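Participant: I am attaching a structure below and will ask some questions about it afterwards.
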Amino acid sequence: VAKESGKNRYHIFDTDQDDAVKAKNLRLKAIRSALDNHQFVLHYQPKVNMRTGTVIGVEALIRWQHPERGLLNPIEFLPVIENHAMSIELGEWVIATALSQISQWQEMELNIPLSISVNIAAVQLQQCDFTARLAILLATYPDVEPHYLELEVLETSALDDVQHVSEIMDACIALGVKFALDDFGTGYSSLTYLRRLPASLIKIDQSFVRDMLNDAGDLAIVEGVIALAKLFKREVIAEGVESIEHGRALLQLGCELAQGYGIARPMPASDFPAWISDWKPDISWQD
Ligand code: C2E
Ligand code: MG
Ligand code: MG
Ligand code: MG
């Protein structure tokens with residue numbers, strides 16, 4: 566009897582695993598077809614300097630315009646292709662599309678030098694030919710100066726080989742691009758990354774910013790990250806700035822750069838020219 570139930574259990578486990586594999590394959594196929602049918606789009610969220618009021622750039626954020634389910638956020642599909650070759654293909658599409666967009670905006674003479682930030686998956690960065698492929702993409706858009714492109718990397722275990730990653734980053738920096746450490750403070754090795762990776766910008770994670778006005782612990786972390794950025798001579802930007810009060814508090818703490826719903830939500834490229842011409846640089850964060 567024991568033997569039989571053991572066998573049964575094994576059988577059930579096997580079927581479950583089969584189903585999971587099938588479901589995963591279906592999702593991979595759907596993403597493959599979305600890529601082939603051009604269903605991915607980038608939305609753009611402005612980044613501003615709260616002291617001067619200027620728009621300094623935008624962050625490109627991927628969306629899936631799904632034929633039945635509507636506009637999907639990255640959390641719905643990026644995890645499916647993590648560690649899959651498609652994430653590299655999609656990542657290249659993101660960089661190319663972002664460069665093409667910034668070049669179009671330059672032609673429209675929006676009258677400000679805009680930088681563009683693109684999120685990079687750790688697997689993408691550690692690809693052996695990442696630098697060479699980036700060089701090709703940059704050469705495809707010769708009117709976009711490389712220093713306008715900023716690559717945002719997350720602190721994840723995939724960045725384990727810090728020495729290797731820092732060498733890839735150095736090679737990309739030699740091409741002229743910049744790096745940012747995204748969601749800073751949420752990983753296990755933030756200080757190691759800050760110390761060893763040549764990123765010129767630190768992005769304070771929105772989880773700390775969100776509650777900084779009523780949580781002394783979060784406020785202390787925000788203050789600490791700003792101080793660290795100064796000590797390590799890096800720029801610092803706050804993510805998730807949802808209100809004027811957040812902006813004012815950050816400015817008082819010495820963080821001038823900000824991004825968040827309180828300034829603008831991510832928007833389709835077509836909305837951006839109107840948004841920027843309506844933007845009031847004299848918004849008073851200061852009083
Ligand atoms: P992230 O790079 O940290 O981007 C910030 C996320 O916070 C975005 O979510 C943005 O829409 C959202 N956000 C911005 N301001 C606020 C705010 O004031 N309040 C709140 N509650 N949220 C705000 P989204 O677009 O869903 O992206 C989630 C994550 O997916 C990104 O986090 C990034 O890690 C990843 N991601 C997005 N696009 C790409 C991409 O093209 N490639 C890769 N590899 N990852 C991407
Ligand atoms: Mg980001
Ligand atoms: Mg972030
Ligand atoms: Mg994030």
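Residue numbers (UniProt numbering): 566 to 852. Even glycine gets a Cβ: it sits at the ideal position worked out from N, Cα and C. None of the values given here were measured: they were computed from a predicted structure.
If we count the other Cβ atoms within 10 Å of its Cβ and call it buried at 16 or more, is Ala823 buried or exposed?
Facilitator: Translated into positions along the sequence shown, residue 823 becomes position 258. Counting Cβ neighbours within 10 Å, Ala823 comes out buried, since at least 16 surround it.
Participant: Indicate the three-state DSSP secondary structure (helix, strand or coil) for Ala829 in the structure shown.
Facilitator: Residue mapping note: residue 829 aligns to position 264 of the sequence shown, counting from 1. Note: Ala829 maps to coil in three-state DSSP.
Participant: Is Trp658 helix, strand or coil by DSSP?
Facilitator: Reading the sequence shown from its first residue, position 93 is the one you call residue 658. It is helical.
Participant: Does Thr696 pass the burial test, meaning 16 or more other C-beta atoms within 10 Å, or should it be called exposed?
Facilitator: On the sequence shown, position 131 is the one that residue 696 refers to. That one is buried.
Participant: How far does the alpha helix (DSSP H) with His631 in it reach, from first residue to last?
Facilitator: As a first step, residue 631 must be located in the sequence shown, where it is residue number 66. Where His631 is concerned, there is no enclosing alpha helix (DSSP H), although the beta strand (DSSP E) it sits in stretches over Val620 to His631.
Participant: Out of Gln689, Glu633 and Tyr706, state which residue places its alpha-carbon closest to the alpha-carbon of Ala663.
Facilitator: Taking the sequence shown and counting its residues from 1, the one referred to as residue 663 is at position 98. Nearest Cα to Ala663 within the set Gln689, Glu633 and Tyr706: Tyr706.
Participant: Should His811 go down as buried or exposed, given a rule of 16 or more other Cβ atoms within 10 Å for buried?
Facilitator: Residue mapping note: residue 811 aligns to position 246 of the sequence shown, counting from 1. Classification for His811: buried.
Participant: Compare the beta carbon distance of Leu690 and Ile733 with 8 angstroms and say whether it is the shorter of the two.
Facilitator: Here residue 690 refers to the residue found at position 125 of the sequence shown. Here residue 733 refers to the residue found at position 168 of the sequence shown. The beta carbons of Leu690 and Ile733 sit closer together than 8 angstroms.
Participant: Does the separation of the CB atoms of Ala625 and Leu637 fall below 8 angstroms?
Facilitator: To locate residue 625, count along the sequence shown from 1; it is residue 60. To locate residue 637, count along the sequence shown from 1; it is residue 72. No, Cβ-Cβ distance for Ala625 and Leu637 is not below 8 angstroms.
Participant: Mapping DSSP to helix, strand and coil, what is Lys589?
Facilitator: Residue 589 sits at position 24 when you count from the first residue of the sequence shown. Helix, per DSSP.
Participant: Measuring alpha carbon to alpha carbon, tell me which residue in Tyr609, Glu657, Gln604 and Met777 is nearest Arg634.
Facilitator: Taking the first residue of the sequence shown as 1, we reach residue 634 at position 69. Nearest C-alpha to Arg634: Gln604.
Participant: Less than 8 angstroms between the beta carbons of Leu655 and Leu600, yes or no?
Facilitator: For the purposes of this step, residue 655 is taken as the residue at position 90 of the sequence shown. For the purposes of this step, residue 600 is taken as the residue at position 35 of the sequence shown. Contact flag set, yes.
Participant: Could I get the ranges of all uninterrupted beta strand (DSSP E) runs contained in the region 683-724, with 3 residues as the minimum, in chain order?
Facilitator: Entirely contained in the region 683-724, the beta strand (DSSP E) runs reaching 3 residues are, in chain order, 714-719.
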